[in-house]
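Sequence lines, in order, name chains E and B. Residues in the first sequence are numbered consecutively from 1, following my numbering. Residues in the second sequence are numbered consecutively from 1001, following my numbering. Positions of the beta carbon are idealized from the N, C-alpha and C atoms, including for glycine. It should be emphasised that the depicted structure is a prediction, and the values quoted were computed from it without experimental measurement. Structure first, commentary second.
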Amino acid sequence: MISAIQSLGRMGIEFCDHVGRSGIFLLQTIFRQPKWRQAWPLLSTQLYRVGVLSLAIILLSALFIGMVVALQGYNTLQKFGAEQELGQLIALSVVRELGPVVSALLFAGRACSALTAEIGLMRATEQLSSMEMMAVDPLWRVVAPRLWAGFIALPILTILFNVTAIFGGHLVGVDWLGVDGGSFWTNMQSAVSFQHDILNGIIKSLVFGFITTWIAVYQGFYSKPNSVGISQATTKTVVYSSLLVLALDFVLTAVMMQ
Amino acid sequence: MRSKVIDFIVGLFMLAGLLGLLLLAFKVSGLTTMVGNGAFYSVSAEFDNIGDLKVRAPVSVSGVTVGRVQNIVLDPVSFRAKVILQIKQHFDKFPKDTSASILTQGLLGSNYISLTPGFDQTNLKSGGVIQTTHSALILENIIGQLMFNLKNSDKPTDKKEE
């Protein structure tokens, strides 16, 4: 009984310890004297690996998600003779929810797990310590570019996801099922508001990019320096960031849609 | 050299993001449908009841869209809804006695305005007023009238039974 309470207490203390350490870690990484000329090549490499290389999976899933939403929506709307509202259905569900959330989940699986594994292996093979020995700050050299690349890449990926998903919906709805193209776009344009739907979706993706990359670099940086530790850290990154994305999505939606 | 290639690809990636945002803004949310008023002229029409008509709803003739609803205001004196229609300059030969009616797309669809051209020799000008209008059909009103008629037609039979 007592030992159970003890372990609960230890868990609580460890949780607080983790949250505090990750917060300090984040602040130390972000508020760093910027050296733009040296930092740009590092950032550009990371943007390429985190953003451009994730494009294939994001765009492909966006296409199929748009197509599936169109197919499902058409079957239901057709019962009420309202299939010309298909464009509105696709655009609103993609721009508000599916775009930011699904691209964040894919991003966590595709890019963030790789970040954790990479930084974790650097830790395990003492590359980070040797950088410090050479008076190169690993936070600046390794962590900061990856963090910023994640912040920048996810909103761009989300925008491209939205565009591709709507294109996929158009492909199925208009070209295959024969919904009128004009009313497809007109209904969409009269229903979707730039400020309330599209910008809010992008704000969501900014928050998700921030959270997922933060978890990834933190887990990698403080992973146990052995093979089990790296595998644990990678798993934790994917699990924590997926859960946080879904939970935060609910909170953000509740705040924005009031 | 390799760094320059990567820089270029990353630049393309960012450019694609920007382009996507523009596409979302203009094509999906219709942020600036009708930017320039140059190719349009506007006429107004007063309705007793506009039902569920919204700004930017289509204006069509024989089912072909020729313009959009630009604005809807309530006339403070007559208490009728004044709808301002924006019609493409291309269709400037509407007779003066053209009539406007508010119809519904499908059973649950949104409302739109249908114009029926008349036979007058003079044409509608920019800023002109469409005189003949037909209000939107309000389902509750129709049901109410139906109930009223049914009750009235029931009464005589009731009396006879008594």
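Select from the region 1036 to 1068 of chain B all residues with a C-beta closer than 8 Å to any C-beta belonging to chain E, and list them in chain order.
Hits within the stretch, in order: LYS1054, ARG1056, ALA1057, PRO1058, THR1065.
Which complete beta strand (DSSP E) runs does the region 1100 to 1129 of chain B hold, if anything under 3 residues is left out?
Complete beta strand (DSSP E) runs here, min 3: 1111 to 1116.
For a contact meaning CB atoms closer than 9 Å, what does B/MET1014 contact in chain E?
Within chain E, the residues near B/MET1014 are LEU47, GLY51, ILE152, ILE156.
Can you tell me whether DSSP reads B/MET1046 as helix, strand or coil?
The sequence shown places Glu at residue 1046 of chain B, rather than the Met named in the question. In this structure, B/GLU1046 counts as strand in the three-state DSSP scheme.
Short of 8 Å Cβ to Cβ, which residues in the region 182 to 197 of chain E face chain B?
Listed in sequence order: GLY182, SER183, TRP185, THR186, ASN187, MET188, GLN189, SER190, VAL192, SER193, PHE194, ASP197.
With distances taken Cα to Cα, identify the nearest neighbour of E/PRO225 among E/SER193, E/SER129, E/ARG49.
The shortest Cα separation from E/PRO225 among E/SER193, E/SER129, E/ARG49 belongs to E/SER129.
Using alpha carbons as the reference points, say which of E/VAL143, E/SER61, E/ILE202, E/MET188 lies closest to E/TYR218.
Cα-wise, what sits closest to E/TYR218 is E/VAL143.
In this structure, what does DSSP give as the bridge partners for B/LYS1004?
For B/LYS1004, which the question treats as bridged, DSSP gives no partner whatsoever.
Under a Cβ-count criterion, where at least 16 other Cβ atoms within 10 Å of its own Cβ denotes burial, should E/GLY20 be classed as buried or exposed?
So E/GLY20 counts as exposed.
May I ask you to report which of helix, strand or coil DSSP gives B/TYR1041?
B/TYR1041 falls in the strand class under three-state DSSP.
Could you name the residues of the region 1019 to 1030 of chain B whose beta carbon sits closer than 8 Å to any beta carbon of chain E, in the order they occur along the chain?
From the region 1019 to 1030 of chain B, only GLY1020, LEU1021, LEU1023, LEU1024, ALA1025, LYS1027, VAL1028, SER1029, GLY1030 have a Cβ closer than 8 Å to chain E.
According to DSSP, is E/LEU177 helix, strand or coil?
Looking at E/LEU177 - three-state DSSP - the assignment turns out to be coil, as it is neither helix nor strand.
Does the Cβ of E/VAL95 have 16 or more other Cβ atoms within 10 Å, making it buried, or fewer, making it exposed?
That one is buried.
Say whether chain B places a C-beta atom closer than 8 Å to the C-beta of E/LEU160.
Cβ-Cβ to chain B under 8 Å: yes for E/LEU160.
Can you give me the C-alpha to C-alpha distance between E/ALA191 and E/GLN88, rounded to a whole angstrom?
Their backbone Cα atoms lie some 6 Å apart in a straight line.
Does the pairing of the region 63 to 80 of chain E with the region 118 to 125 of chain E give three or more beta-carbon distances under 8 Å?
The region 63 to 80 of chain E, when compared against the region 118 to 125 of chain E, does not touch it at the 8 Å Cβ threshold.
One question on the structure: do E/ILE193 and E/GLN84 come within less than 8 Å of each other, judged by their Cβ atoms?
In the sequence as displayed, the identity of residue 193 of chain E is Ser instead of Ile. Cβ distance not < 8 Å, so E/SER193 and E/GLN84 don't count as in contact.
Check B/ALA1081 in the structure and name its three-state DSSP category.
Correct three-state label for B/ALA1081: strand.
Spell out a yes or no on whether the region 155 to 173 of chain E and the region 197 to 204 of chain E are touching, meaning 3 or more CB-CB pairs, one atom from each, closer than 8 Å.
Short answer: they touch.
Rounded to whole angstroms, what's the CA-CA distance from B/LEU1115 to E/LEU71? Just pull it up for me.
In a straight line, the C-alpha of B/LEU1115 is about 34 Å away from that of E/LEU71.
On the DSSP letters alone, give me the boundaries of the beta strand (DSSP E) that B/ASN1071 sits inside.
B/ASN1071 -> beta strand (DSSP E) spans 1064 to 1074.
Given that B/ILE1006 touches chain E, what residues does it touch there, using C-beta distances under 7 Å?
Here the neighbours are SER44, THR45, TYR48.
Using the three-state DSSP reduction, which class does B/GLN1086 fall into: helix, strand or coil?
Here B/GLN1086 sits in strand by DSSP.
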